[in-house]
Amino acid sequence: MTDEIPPRRQLAFLPTPIVELPRLSARVGGPRIWMKRDDQTGLATGGNKTRKLEYLLGDALAQGADTLITAGAVQSNHCRQTAAAAAACGLDCHLVLGGTQPDEPNGNLLLDRLLGAHIHWAGPYRKGEDIPRLAAELRANGCTPYEVPYGGSNAVGAMGFVEAARELRVQMSERDFDFTHVVFASSSGGTHAGLLAGMRYHGLPLAPLGIQIDKEENGEPFAQIVERLASTVAASFGLEEPFADGELGLVEDYAGTYGVVGTGEREAIEMTAHTEGILLDPVYTGRAMAALIDMIRRVHFSDDDRIVFWHTGGSAALFAYADELLSR
Ligand SMILES: Cc1ncc(COP(=O)(O)O)c(C=O)c1O
């Protein structure tokens, strides 16, 4: 490793467990499936962002920050975990949330409030467009803010998933797991990029299947975002060769409108809950599991394949989606 790796502030309970899902496999009629339980990272109901925040908080504290700012959707799991990380480190936290204030705070928004975050409403802007303006305002008021990018997805945050790839490799060798595919939700790209760089660095020969969650918007193509971040992170370990398109394992077919729960998500959430007693989330893991179920039904995998589904968390958002989840 190079010495450019940022300091790390421990926030998560690691390693997260891996459990087999035999009843779900049987219900779908496919190969064996395991689940990597990052919904159990432990920080105010857990999730994948905690891994990124360990490095982002390490960096923020090293820079002498007293305030974190980040952004996301009203039900952002990233914002909730950032608010919890800030509280755990004695920092102030400002969240710039898309939309307008709802009548009732629910799900992650309720938790943001309980965790003491200051909430700013940004209308159509949920991806941090307002962070620099707010940072300037806080600086003018004497604060030392640290800007956590949307989704925690920069080269610092992605380091959490380089480390996660090492964790998976250790678990595979200790417990005799020999997975063939790793399936996960991919949205701001940091989980995906960190895993790609980490799997290359730690020599993990798994096929990545990053299920693209958000429908492509007008900006930079998502594949390019993942490729650039993965290549930057890998280069920081001296692995200079850029990732080719075919290496990304980006599955674009299931991308949809952000935050809209359809029949696929509903089936996946219900099936996983009914067969295994495990709660997915309505926005990310519900859609990623719906994709996995569909790919199994379309015979994308062979019977001998051994799939690990990375549960990236988010069940706190279920409470804000009661109508969509229960109406039929
Ligand atoms: C539960 C959950 N899963 C997956 C993701 C996607 O991770 P990333 O933004 O690193 O692509 C997120 C991002 O917010 C999330 O909250």
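For what it's worth, this note's numbering labels the leading residue of the sequence shown as 41, then goes sequentially. Positions of the beta carbon are idealized from the N, C-alpha and C atoms, including for glycine.
Continuous beta strand (DSSP E) stretch holding residue i: start and end
i, result
"tyrosine 186", "185 to 187"
"isoleucine 73", "72 to 77"
"phenylalanine 224", "221 to 226"
"isoleucine 251", "247 to 252"
"arginine 346", "346 to 351"
"valine 136", "132 to 137"
"leucine 108", "107 to 112"
"histidine 158", "158 to 161"
Distance cut-off 6 Å: residue i Cβ against heavy atoms of ligand 1
i, result
"glycine 238", "no"
"glycine 200", "no"
"aspartate 254", "no"
"alanine 225", "yes"
"histidine 118", "yes"
"glycine 354", "yes"
"glycine 229", "yes"
"tyrosine 294", "no"
"aspartate 344", "no"
"aspartate 321", "yes"
"tyrosine 324", "yes"
Span separating the alpha-carbon of residue i from that of residue j
i, j, result
"isoleucine 309", "methionine 329", "8 Å"
"isoleucine 58", "glutamate 207", "11 Å"
"aspartate 132", "alanine 233", "29 Å"
"glycine 230", "glycine 238", "12 Å"
"glutamine 252", "threonine 220", "20 Å"
"glycine 243", "serine 228", "24 Å"
"phenylalanine 53", "leucine 236", "22 Å"
"serine 342", "glycine 104", "52 Å"
"alanine 284", "asparagine 181", "46 Å"
"alanine 247", "valine 222", "6 Å"
"leucine 149", "aspartate 344", "42 Å"
"leucine 97", "valine 339", "42 Å"
"serine 331", "glycine 130", "Reading the sequence as shown, one finds alanine at residue 331 and not serine. Between alanine 331 and glycine 130, the C-alpha separation is close to 40 Å."
"proline 55", "proline 47", "19 Å"
"methionine 41", "alanine 126", "Annotation note: pLDDT 45 at methionine 41 (below 50); position unreliable, no value reported."
"tyrosine 298", "glutamate 305", "12 Å"
Cβ of residue i within 7 Å of any chain B Cβ
i, result
"glycine 278", "No chain B is present in this structure, which holds just one protein chain."
For residue i, the first and last residue of its enclosing alpha helix (DSSP H)
i, result
"valine 202", "199 to 215"
"isoleucine 309", "303 to 316"
"glutamate 177", "171 to 180"
"glutamate 364", "362 to 366"
"glutamate 60", "Not the alpha helix (DSSP H): glutamate 60 falls in the beta strand (DSSP E), residues 58 to 60."
Ligand 3 heavy atom lying under 6 Å from the CB of residue i
i, result
"glycine 191", "The model depicted lacks ligand 3 and carries ligand 1 instead."
Point to revise | Three-pair Cβ contact test at 8 Å for the region 303 to 322 versus the region 279 to 289 | key: Too few Cβ pairs lie closer than 8 Å, so no.
Exercise for review: Take every Cβ of the region 189 to 197, pair it with every Cβ of the region 82 to 101, and state whether three or more of those distances are shorter than 8 Å.
Suggested key: Flag = yes, the region 189 to 197 and the region 82 to 101 touch.
Review point. Quick check: the region 154 to 174 against the region 55 to 74, are there 3 or more CB pairs under 8 Å?
Key: no
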